[in-house]
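This report refers to the structure that appears directly beneath it.
Number of protein chains: 2
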Amino acid sequence: MAEGASQDLLLAAAFVSDAQYNRNIPFRTSPEAVRLYYLYNHWIMRTVTYFFIFLNLSLAVFEEPAVYPLPFLVTSLIEVLCLLVFFGRLTHFAKVTLRNVFWKDTKNICIMVAILLSLTDLAIYGVLRMYNMRSIRWSRIVRPIFLINFAESRQIRRAFRSIRNTLPEITYVFLLFMFSLLMFSLMALKLFGERNLQTAEGLPYFKNYLEIVFDLYVLVTTANSPDVMMPAFDFSSWYALFFIAFVIVNTYIFMSLFLAVVYNNYKKHLKNEIRKLAYMKHRKMIEAFNLLKEEEGAQFVVREARWKQLVKLVAPDISNSHRELLLCISDNEQKGFIDKKSFVQLADLLNIQVITLKIRSHPLGQWMPRVYKSAVSRFLRSMVRHRGFVWTYDVIILINAIFIALDEETPYISYAEWVFLALYIIEILLKVYTYEPRAFFGKNQFWNWFDTLIIFAALTATVLNTTLKSTTKYNSQQILDIVFILRVLRLIRIVDSIQRFRVIMNTLINIVPTMLTFGGLTLVVYCVFAIIGMELFHGKIQFFPASSNVPYALECGNPALKDSLFARGKYCKNNFNNFASSFIVLMELTVVNQWHVFANGFANVTVQPAKLYFIAFHIVMVIIIVNIFVSFILEAFFVEYSLEKSEVETAIEQKIQELGMGVQEDELQHEQLLDNMESAEHDLEGEGGTKPQSKGLVFKIASKPTSSPLFCLGPSVHACLH
Amino acid sequence: MAEGASQDLLLAAAFVSDAQYNRNIPFRTSPEAVRLYYLYNHWIMRTVTYFFIFLNLSLAVFEEPAVYPLPFLVTSLIEVLCLLVFFGRLTHFAKVTLRNVFWKDTKNICIMVAILLSLTDLAIYGVLRMYNMRSIRWSRIVRPIFLINFAESRQIRRAFRSIRNTLPEITYVFLLFMFSLLMFSLMALKLFGERNLQTAEGLPYFKNYLEIVFDLYVLVTTANSPDVMMPAFDFSSWYALFFIAFVIVNTYIFMSLFLAVVYNNYKKHLKNEIRKLAYMKHRKMIEAFNLLKEEEGAQFVVREARWKQLVKLVAPDISNSHRELLLCISDNEQKGFIDKKSFVQLADLLNIQVITLKIRSHPLGQWMPRVYKSAVSRFLRSMVRHRGFVWTYDVIILINAIFIALDEETPYISYAEWVFLALYIIEILLKVYTYEPRAFFGKNQFWNWFDTLIIFAALTATVLNTTLKSTTKYNSQQILDIVFILRVLRLIRIVDSIQRFRVIMNTLINIVPTMLTFGGLTLVVYCVFAIIGMELFHGKIQFFPASSNVPYALECGNPALKDSLFARGKYCKNNFNNFASSFIVLMELTVVNQWHVFANGFANVTVQPAKLYFIAFHIVMVIIIVNIFVSFILEAFFVEYSLEKSEVETAIEQKIQELGMGVQEDELQHEQLLDNMESAEHDLEGEGGTKPQSKGLVFKIASKPTSSPLFCLGPSVHACLH
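Protein sequence lines correspond, in order, to chains A and B.
So the first sequence is numbered by full-length UniProt numbering: it starts at 1 and just counts up by one.
So the second sequence is numbered by full-length UniProt numbering: it starts at 1 and just counts up by one.
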């Protein structure tokens with residue numbers, strides 16, 4: 001099909017898919033450039049780029065200080081390979097886009113500079129290494145630039161833009177907050193400085209201004225909450241008022257203020273972006289229309305045949321009936337052509353996931369009709385469809401939970417595990433037997449997929465574990481751990497039985513993809529801080545197992561930590577000695593609690609200003625990024641709660657309703673849907689197939705599982721769908 | 001004026017002021033009832049009620065276990081007095097309102113039941129006490145009911161209603177969260193239970209299911225963040241993944257979800273309340289209109305004279321010119337009467353704080369014109385008005401900050417303090433000399449008031465301290481502390497010099513009144529929990545000064561705390577031995593950090609289920625009330641940011657603009673305003689008083705200091721204002 005397509009059609013398809021995926025690449029219009037552009041956007045090319053970006057980032061695991069050391073030659077060769085791939089991708093992009101656009105775009109310049117810097121640094125480091133001179137691989141902190149700046153990671157770039165726009169506003173609030181902090185510190189110095197009080201560790205209390213500022217900053221994060229107050233409180237109860245005032249002003253009011261500022265800017269920025277995107281999308285669709293338009297009476301239109309070719313090019317994998325539905329909606333009056341206004345909607349129409357479920361009879365019913373339709377089989381199926389079936393399995397899950405909690409050394413209980421596994425497998429088999437397998441494993445049947453995967457993974461792991469045990473008499477700890485986790489995960493199923501929980505869970509599942517953006521954002525921040533942290537603190541703190549008799553094993557191998565809270569808390573394994581450890585430390589710092597113990601510990605083994613590293617991380621990660629994350633969750637939930645459908649979704653639904661039947665207009669649950677499908681078929685069987693409905697179609701808008709009605713297209717739709 | 005007012009007018013005024021203050025009391029319409037109603041709403045009656053509510057609450061300070069012990073007879077007499085006052089207030093209310101409305105209102109029933117319960121409990125306790133039997137004063141926890149249920153504390157009731165409406169939704173999320181917690185605990189039991197690991201304190205690690213649930217619940221609050229993970233992490237780095245997954249799911253996602261649910265409900269509820277209030281207000285205004293209306297042509301109207309009488313009754317303390325302005329707005333075309341539509345607006349018009357500033361010459365200029373207008377005086381005044389004057393004082397404040405930070409044992413520095421005090425006093429005197437004193441100390445000149453109060457308090461305290469020192473050779477610590485705090489507070493002034501900070505500060509100051517609602521809410525929750533806490537934990541933990549040689553002084557007098565984190569952290573003074581201590585403990589629990597140490601400590605000295613008390617407090621205070629507080633701050637800031645003015649505010653502004661002159665339409669700063677007023681007067685002097693503007697009026701809408709334009713009414717307004 002694509003072979004026969006004209007150049008215009010190809011170009012128009014490129015515009016439409018740009019609009020559909022909100023891309024904004026001003027590509028050249030030559031035949032070769034359009035073909036290159038298709039190649040550039042091909043999913044394989046993109047996956048390869050992502051692979052090399054993550055390979056490049058994960059090099060830090062293998063470079064010194066390494067989790068799994070590889071020779072310098074190997075890592076540097078891989079790095080050069082990655083840089084070559086990035087350069088290739090950039091060159092490819094340069095061929096696709098217009099020259100002046102390419103050179104104006106800062107992200108391309110950024111990538112080139114990053115490649116150059118990395119190569120230079122690699123060369124210098126390599127040469128110095130040959131002469132046995134140690135230098136710093138400073139270019140490693142530019143690696144996240146590739147993750148941010150490649151066109152594929154639009155979401156992460158948008159999040160960074162959002163942060164940049166929030167910065168000025170947040171800076172003012174931050175300065176005011178710092179002012180308040182400095183004022184309170186001054187008061188604390190005056191009030192407590194000359195009392196000669198001591199902390200619980202016997203150190204002087206509130207003597208040094210800078211230390212007071214740090215302690216009170218930590219109090220804002222609540223990490224040293226009652227401890228910092230106790231000496232003053234023990235001296236006089238009235239001094240508690242000072243700390244209460246401090247916490248109210250700084251922790252409650254200022255921290256909420258940060259959230260308010262971040263959330264407000266996030267919303268404002270989101271609105272602007274959406275407005276810009278809508279404009280861009282509209283422009284692209286108009287360009288596509290202009291390429292395909294033909295004159296029809298007084299107006300320009302796109303004829304049905306060209307429109308179909310276009311849709312096939314843009315979305316080759318949607319079903320025929322789905323395409324017909326889209327045509328029905330675009331060509332409302334079945335005039336054989338599509339006008340400009342309807343054409344422009346196409347990008348949005350394509351974006352709405354309409355699931356085409358074909359009502360078809362069970363394959364077993366076709367292969368072995370006599371057996372499948374026998375009385376026993378019917379009874380079995382009606383049993384599975386009964387509410388009681390779900391309840392029975394809920395009870396089984398609860399009993400299973402109790403068995404898991406019990407000790408499993410007793411043989412009965414380990415046998416019980418096999419019984420439960422068998423019961424779960426029977427459940428899945430029964431369901432597949434009753435419902436149509438393709439519907440049961442449909443694209444949006446999240447819970448069915450989840451169940452099946454968990455149970456078969458558990459089966460595999462249990463069998464593997466038993467085999468290992470009987471052959472080598474040895475329990476593999478890793479496999480056993482996985483078995484335990486899978487066993488407990490099976491219990492999650494019970495949530496799906498309760499309607500209210502299901503709604504919340506579905507909302508959570510819906511926001512997972514966007515949450516990944518924050519994963520990316522966090523990854524970038526963590527990478528940069530981990531690399532800096534390794535340079536600053538590498539090897540300063542070491543972990544020795546309890547049995548070790550190395551000197552200062554309890555002080556993490558560093559006498560400077562003697563009697564420190566860090567050593568007393570047994571935090572030695574929290575160090576920056578390799579990339580993985582650094583990530584875990586940064587995670588603990590993100591959680592905030594005890595971060596001052598870390599800051600003091602690492603400052604003790606290096607220099608006092610090292611605390612600035614921890615303060616900087618707190619500001620960037622907790623004050624900015626976590627607040628953006630919270631804003632994002634808030635916004636996502638408000639949107640889910642408001643249940644408003646987009647205009648286009650409403651249009652499609654209306655059309656489906658107009659065309660279809662009113663029967664299934666009300667909201668139905670998935671299982672009910674499957675039920676209904678089955679019983680419709682069932683009725684059909686009973687009535688001897690008088691209605692031509694056995695090949696009926698069910699459309700379903702997939703974007704909002706909790707609120708989307710289901711539509712069943714009956715006979716009337718066939719008029720439109722031919 | 002009120003004497004001569006007819007019954008109709010009085011009744012209408014009652015309706016209007018009900019609408020103005022959003023009261024919703026269906027009062028009787030008999031002359032006596034209306035008079036009683038006025039008395040009921042009189043500010044003295046309300047203040048008295050509040051006084052007795054707080055007196056009743058503060059009884060807990062004097063009752064056993066007491067901060068300041070009073071004999072049982074005294075406290076019980078005070079309590080009976082309070083209850084009598086409450087009963088009197090209720091009876092008063094019953095006389096004002098309709099009988100069937102009174103008995104239908106749950107809050108009246110609540111108050112009566114609370115009074116009865118308190119009296120019964122008091123009687124039983126008193127009798128048992130006579131026979132030397134100890135019993136529990138359980139009725140003390142009903143005391144906050146008076147704070148919630150008296151009609152005056154509408155805001156607190158609204159907040160409680162909002163919480164009640166949020167509960168069902170939050171319960172579902174909470175159950176799902178608990179399910180997730182139980183699942184993770186089960187996994188933790190299976191993964192770590194049989195490893196025989198030990199915590200940093202040498203206790204068994206993750207052995208008991210209920211303890212795991214508690215530890216992981218604490219981890220959700222991040223209070224035991226790295227500690228709970230360290231033993232497993234030391235055993236194998238991979239186990240960190242379990243805790244990372246746990247924190248992401250429970251701390252980040254579920255806790256944000258709680259905020260989202262609370263905020264969403266808060267907003268929804270707020271919208272409903274506002275809609276209801278608007279409807280109620282409209283109805284009341286129509287009732288008032290119907291009482292006063294007279295026929296005028298085809299429509300019913302209220303005549304100007306009656307309208308004026310009404311406004312004088314409703315708002316006796318607004319200035320004549322302000323009333324004229326309102327009349328101008330209501331009677332737009334100066335027809336001598338007000339139609340229904342304009343009349344209904346009155347309640348909103350009255351609610352907008354319009355400040356009438358009269359441009360008048362400086363009193364000194366009138367008393368000693370020759371001196372005040374001399375060249376030296378003029379130069380002085382122009383100097384004070386110069387930007388440089390503000391800058392000079394900013395520099396002085398900075399230098400002062402440095403001096404405060406320095407040690408003050410050296411005599412020079414203590415002399416410097418006198419110099420700074422003198423400089424600040426000179427500044428205030430100069431400003432009062434330059435600007436008109438009544439304008440300088442205007443109602444909304446927050447910073448001028450703040451400055452003056454702080455500096456005169458500091459002056460008084462310093463003088464007092466010096467006198468004490470020179471006469472008794474003894475530094476009073478309390479006075480010295482106050483001097484220190486005042487000295488530092490003076491520095492806040494510098495914030496006001498920077499425009500951006502001023503905007504943020506003004507927003508903060510604006511939301512203070514509503515924040516007091518949360519003060520009330522917190523007070524209620526704290527009172528209830530403090531009284532329960534005292535019953536549960538009273539006397540179990542004792543604080544001894546470091547020098548004490550009581551046995552187990554380091555274990556807070558309780559051997560059960562030996563080697564516990566509670567004793568090691570020296571938390572002994574955090575106990576429930578009296579009302580004040582309980583409040584401080586609850587405050588520390590609200591801040592969350594180390595709450596598990598408290599929970600474990602108090603569970604060790606009593607019974608393990610005592611932990612439930614702490615968990616319940618965490619759920620009520622942190623998950624619900626703090627989230628409502630954050631929602632409230634978010635909403636308040638969004639409203640401030642959106643800068644949208646209400647319809648009526650816009651109407652007033654338009655009118656002021658229409659009537660006034662265009663000169664001062666743009667936004668001016670307070671000081672600039674004062675400047676302009678001064679220079680206008682100045683010009684006048686120079687020109688020999690040709691313009692009749694010296695008694696001009698300046699109106700200002702006070703509700704939004706950052707965004708409200710200032711209006712100056714020139715000659716043209718006098719046409720309307722006569």
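We treat Cβ as the ideally placed atom computed from N, Cα and C, and that holds for glycine.
Everything numeric in this text was worked out from a predicted model, so none of it was measured.
Interface residue (Cβ-Cβ distance to chain A less than 8 Å): Leu-189 (chain B) is classified as such. Shown here, Ile-318 (chain B) sits in coil according to DSSP, grouped into three states, outside any helix or strand. One thing to note: Asn-574 (chain A) has its Cβ within 8 Å of the Cβ of Phe-598 (chain A). For Gln-594 (chain B), the neighbours in chain A by C-beta distance under 8 Å run, in chain order, Ser-225, Pro-226, Asp-227. It is roughly 12 Å from the alpha-carbon of Ala-114 (chain A) to the alpha-carbon of Phe-150 (chain A). Under the 8 Å criterion on CB atoms, Val-495 (chain A) is classed as interfacial with respect to chain B.
According to DSSP, residue pairing for Arg-303 (chain B) in a beta bridge involves B:Phe-337.
For Glu-287 (chain B), the enclosing alpha helix (DSSP H) stretches over residues 255 to 292. The Cβ of Asn-574 (chain A) sits closer than 8 Å to at least one Cβ of chain B. With contacts defined as CB atoms closer than 8 Å, Arg-493 (chain A) and Thr-434 (chain A) fail to qualify as a contacting pair. In the DSSP assignment, Phe-543 (chain B) falls outside any alpha helix (DSSP H), carrying neither H nor E.
If you draw a straight line from the Cα of Met-133 (chain B) to the Cα of Ile-124 (chain B), it comes to about 11 Å.
Using a C-beta cut-off of 8 Å, the region 495 to 508 of chain A makes contact with the region 169 to 185 of chain B, since at least three inter-stretch Cβ pairs fall below that distance. For Val-384 (chain B) against Leu-310 (chain B), the beta-carbon gap comes to about 44 Å, at or over 8 Å, which does not count as contact.
Around the C-beta of Asp-481 (chain B), 16 or more other C-beta atoms lie within 10 Å, and the residue is accordingly described as buried. Taking a C-beta distance under 8 Å as the contact criterion, Ser-497 (chain A) and Val-639 (chain A) do not qualify as a contact pair.
DSSP, read as helix, strand or coil, puts Gln-20 (chain A) in helix.
Among the residues of the region 253 to 266 of chain B, those with a Cβ less than 9 Å away from any Cβ of chain A are Ile-253, Met-255, Ser-256, Leu-257, Leu-259, Ala-260, Val-261, Tyr-263, Asn-264, in the order of the chain. Contact check for Ile-633 (chain B) and Ala-260 (chain A): beta-carbon distance about 6 Å, within the 8 Å limit, so the pair qualifies. Partner residues in the beta bridge of Glu-295 (chain A), as assigned by DSSP, are A:Phe-300.
For Ala-123 (chain B), the enclosing alpha helix (DSSP H) starts and ends at 106 to 130. For the pair Gly-520 (chain A) and Ile-145 (chain A), the Cα-to-Cα distance works out to about 12 Å. Using a Cβ-Cβ cut-off of 7 Å, Thr-606 (chain B) is close to nothing in chain A; its nearest Cβ partner there is about 20 Å away. Setting aside the 5 residues that flank it on each side, Val-218 (chain A) is surrounded in the same chain by Asn-224, His-596, each with a C-beta closer than 6 Å to its C-beta; the list follows chain order. Between the alpha carbons of Phe-446 (chain A) and Pro-513 (chain A) lies a distance of about 14 Å. With a cutoff of 8 Å on beta-carbon distance, Cys-527 (chain A) and Leu-57 (chain A) are scored as near each other. When A:Ile-318, A:Asn-604, A:Ala-19, A:Phe-579 are compared, the shortest CA-CA separation from Ile-274 (chain A) is found for A:Ala-19. Going by beta carbons, Cys-556 (chain B) and Ile-532 (chain B) fall outside the 8 Å limit. Neighbours of Glu-588 (chain A) across chain B, judged by C-beta separation under 7 Å: Ser-225, Pro-226.
The DSSP-derived three-state label of Phe-27 (chain A) is strand. With contacts defined as CB atoms closer than 8 Å, Glu-294 (chain B) and Leu-327 (chain B) fail to qualify as a contacting pair. Not a single CB atom of chain B sits nearer than 8 Å to the CB of Phe-537 (chain A). In this structure Arg-161 (chain A) is exposed. Its beta-carbon is surrounded by fewer than 16 other beta-carbon atoms within 10 angstroms. Interface annotation, Met-178 (chain A): not in contact with chain B, CB-CB separation never under 8 Å. Neighbours of Phe-617 (chain B) in chain A, taken as residues at a C-beta separation under 8 Å, are lacking, since the least C-beta distance is about 15 Å.
Around the CB of Trp-307 (chain A), 16 or more other CB atoms lie within 10 Å, so the residue is classed as buried.
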